[in-house]
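Worksheet for the structure shown next.
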Amino acid sequence: MKKQSITQDLNRVHAREVTADKTRENALNILNLGNVANMPKTQAETVLNRINRNSGAFVENIELEDLSKFSKSMNELQDEFNRTKVRGGIHPKTVINMSRREDIQRYQREINAALPAKKDKNGVVIFRVNASAQSNVSHHMVQVEFLNFQAALSGGKITNNLADAVLQGAVRFDCDCGRHRFWYRYIASVGSFAYGKAETGFPKIRNPNLKGLACKHVIFVMRMLTQSQSMTGFMKNYLSEFRENPLQRKKTLSNKQADKIAAAIAKESWRNIKIRRTNNNALPKNIRDVFSASSNSSIRGTGITPSQLAKAKAKDIAPQTAVREIQQKLQNPDVLNQLSPQQLAQIQQILGGDK
Ligand SMILES: [Zn+2]
Numbered sequence: 001m002k003k004q005s006i007t008q009d010l011n012r013v014h015a016r017e018v019t020a021d022k023t024r025e026n027a028l029n030i031l032n033l034g035n036v037a038n039m040p041k042t043q044a045e046t047v048l049n050r051i052n053r054n055s056g057a058f059v060e061n062i063e064l065e066d067l068s069k070f071s072k073s074m075n076e077l078q079d080e081f082n083r084t085k086v087r088g089g090i091h092p093k094t095v096i097n098m099s100r101r102e103d104i105q106r107y108q109r110e111i112n113a114a115l116p117a118k119k120d121k122n123g124v125v126i127f128r129v130n131a132s133a134q135s136n137v138s139h140h141m142v143q144v145e146f147l148n149f150q151a152a153l154s155g156g157k158i159t160n161n162l163a164d165a166v167l168q169g170a171v172r173f174d175c176d177c178g179r180h181r182f183w184y185r186y187i188a189s190v191g192s193f194a195y196g197k198a199e200t201g202f203p204k205i206r207n208p209n210l211k212g213l214a215c216k217h218v219i220f221v222m223r224m225l226t227q228s229q230s231m232t233g234f235m236k237n238y239l240s241e242f243r244e245n246p247l248q249r250k251k252t253l254s255n256k257q258a259d260k261i262a263a264a265i266a267k268e269s270w271r272n273i274k275i276r277r278t279n280n281n282a283l284p285k286n287i288r289d290v291f292s293a294s295s296n297s298s299i300r301g302t303g304i305t306p307s308q309l310a311k312a313k314a315k316d317i318a319p320q321t322a323v324r325e326i327q328q329k330l331q332n333p334d335v336l337n338q339l340s341p342q343q344l345a346q347i348q349q350i351l352g353g354d355k
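Just so you know, we're using UniProt numbering here: the sequence shown kicks off at 1 and counts up by one.
Dropping the structure here:
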């Protein structure tokens with residue numbers, strides 16, 4: 001009895017030391033936790049951002065050239081990333097935003113349930129993703145490594161915010177389906193957001209024309225991480241369990257637990273909301289709806305709201321001034337870089353410029 005409790009004590013001390021080390025390592029990250037809206041870009045996001053600015057759409061069609069630019073930039077910037085501590089991984093939101101329309105449609109039509117089936121001390125969760133809630137036949141396993149897990153484990157009160165910072169923070173992922181293995185694992189490996197073994201061989205036979213970032217299973221899981229209240233609850237429990245006992249082994253959910261969480265997730269309203277694409281959409285006809293759902297936001301980078309423009313036009317009060325002002329701002333390369341060529345053309349058309 002006594003001997004066992006000494007061992008337990010030693011284990012506990014050891015665990016505390018390990019945790020303290022990790023706390024120091026992750027000090028920077030802890031500061032950033034809890035600020036879900038403003039998380040620093042990961043390596044892949046930094047590079048993707050540059051590619052977007054230079055070549056318009058990465059999402060619908062990744063040309064070989066884009067991919068080699070991506071790979072080259074990742075390599076070139078590695079020293080800078082190390083020096084400035086820019087981390088690997090990718091945010092679930094970016095995965096959704098960068099996914100291909102076709103994969104998003106498949107996610108919406110074909111995937112109905114995902115369950116966190118297994119979790120371990122390193123912040124890795126295995127999700128079982130099903131075509132339907134009842135079907136056990138065609139399920140796939142999506143593994144997600146939460147890169148903020150250790151930092152969250154080390155300190156801070158376990159709140160909804162902390163749990164969401166882990167769920168919506170940078171992740172690495174993998175799926176065992178064919179589409180991921182043959183299409184997306186390579187991009188994930190290049191971008192340093194692949195969980196597990198890196199894929200180094202270029203998928204030249206299956207995928208000469210790489211597109212998108214993630215399969216329908218991964219999209220479902222990423223969507224769940226950003227939307228599901230049940231996932232917030234799951235992460236809070238996960239953190240407190242492993243904070244109390246960092247040495248415990250992997251945990252698999254019991255059938256009862258799995259049924260409970262499946263039932264809760266099935267009732268959540270985000271399931272019925274379609275993904276709204278936020279980038280690379282062509283301009284709608286009505287300029288009011290152009291860059292934002294709210295007509296109070298200014299046209300990106302110009303400082304003029306669509307309603308101001310509409311008013312100026314309607315009242316015919318020096319509309320040319322407003323138009324000139326926008327035209328002028330469009331000369332600014334920083335503003336220009338945020339627009340796709342189609343968007344630019346449509347703005348010009350609406351403004352009555354180059355016809
Ligand atoms: Zn998949």
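Glycine included, C-beta positions come from ideal geometry on N, C-alpha and C.
Asked	Found
Tell me which residues pass a beta-carbon proximity test against ligand 2: closer than 6 Å to any heavy atom, given in chain order.	Among the ligands modelled here, namely ligand 1, ligand 2 does not occur.
Using only CA atoms, which one of I187, D120 and Q227 lies nearest to F242?	D120
Measuring alpha carbon to alpha carbon, tell me which residue in Q328, K251, K256 and I111 is nearest V124.	K251
So, helix, strand or coil for M224, using DSSP?	helix
Just to confirm, is the Cβ distance from M231 to L225 under 8 Å?	yes
Report buried or exposed for L247, applying the criterion of at least 16 other Cβ atoms within 10 angstroms of its Cβ.	exposed
Please report how far the alpha carbon of I187 lies from the alpha carbon of I90, in whole angstroms.	12 Å
Where does the unbroken alpha helix (DSSP H) through Q143 begin, and where does it stop?	That residue, Q143, is in no alpha helix (DSSP H); its beta strand (DSSP E) goes H140 to F146.
Quick one: is residue 403 buried, meaning 16 or more other Cβ sit within 10 Å of its Cβ, or exposed?	No answer is possible for residue 403: it lies beyond the span of the chain, which begins at 1 and ends at 355.
Taking the straight line between their C-alpha atoms, what separation do you get for R288 and I347?	Confidence is the limiting factor: at R288 the pLDDT is only 37, short of 50, which leaves the residue's position unreliable, though a coordinate-based value still follows. Between R288 and I347, the C-alpha separation is close to 12 Å.
DSSP beta-bridge partners for C175?	V142
When you compare only the Cα positions, how much space is there between E76 and M235?	36 Å
Secondary structure at R87, three-state DSSP: helix, strand or coil?	coil
By the DSSP assignment, the beta strand (DSSP E) with K119 in it spans what residues?	A113 to K119
Distance check for K274 and A266, CA to CA, integer angstroms please.	15 Å
Whole angstroms is fine: what's the gap from L48's alpha carbon to I326's?	27 Å
Which partner residues of T252 appear in the DSSP bridge assignment?	K118
If you reduce the DSSP assignment to three classes, tell me which class A170 lands in.	coil
If we count the other Cβ atoms within 10 Å of its Cβ and call it buried at 16 or more, is N130 buried or exposed?	buried
Near F127, what residues of its chain come up, given a Cβ to Cβ distance below 6 Å and the 5 sequence neighbours on each side ignored?	A114, P116, V142 and V221
To the nearest angstrom, how far is the alpha carbon of E199 from that of F173?	13 Å
Do you know offhand how far K93's Cα is from M39's?	11 Å
Grab me the residues of S228's own chain with a C-beta within less than 8 Å of its C-beta, minus the 5 sequence neighbours each way, in chain order.	I265, E268 and W270
Please look up how many angstroms separate the CB atoms of K216 and I96, rounded, as I've assumed it's under 8 Å.	About 12 Å; that fails the 8 Å criterion.
Using the three-state DSSP reduction, which class does I126 fall into: helix, strand or coil?	strand
Rounded C-beta distance between L213 and Y195? I'm assuming under 8 Å.	L213 to Y195, Cβ: 14 Å. No contact.
Buried or exposed for A263, please, with buried defined as at least 16 other CB atoms from any protein chain shown within 10 angstroms of its CB.	exposed
Figure out for me which residue from E244, D334, Q331 and R100 has the closest Cα to the Cα of R12.	E244
Are the CB atoms of S138 and I219 nearer to each other than 8 Å?	no
In whole angstroms, what is the alpha-carbon distance linking A152 and K329?	43 Å
For a quick check, are the C-beta atoms of L147 and A165 less than 8 Å apart?	no
Where does A194 fall in DSSP's three states?	strand
Determine, using beta carbons only, whether D176 and H140 come nearer to each other than 8 Å.	yes
Near A163, which residues of its chain fall below 6 Å by C-beta distance, leaving aside the five closest residues on each side in sequence?	T232, M235 and K236
So the alpha helix (DSSP H) A131 belongs to, where does it begin and stop?	That residue, A131, is in no alpha helix (DSSP H); it is neither H nor E in DSSP.
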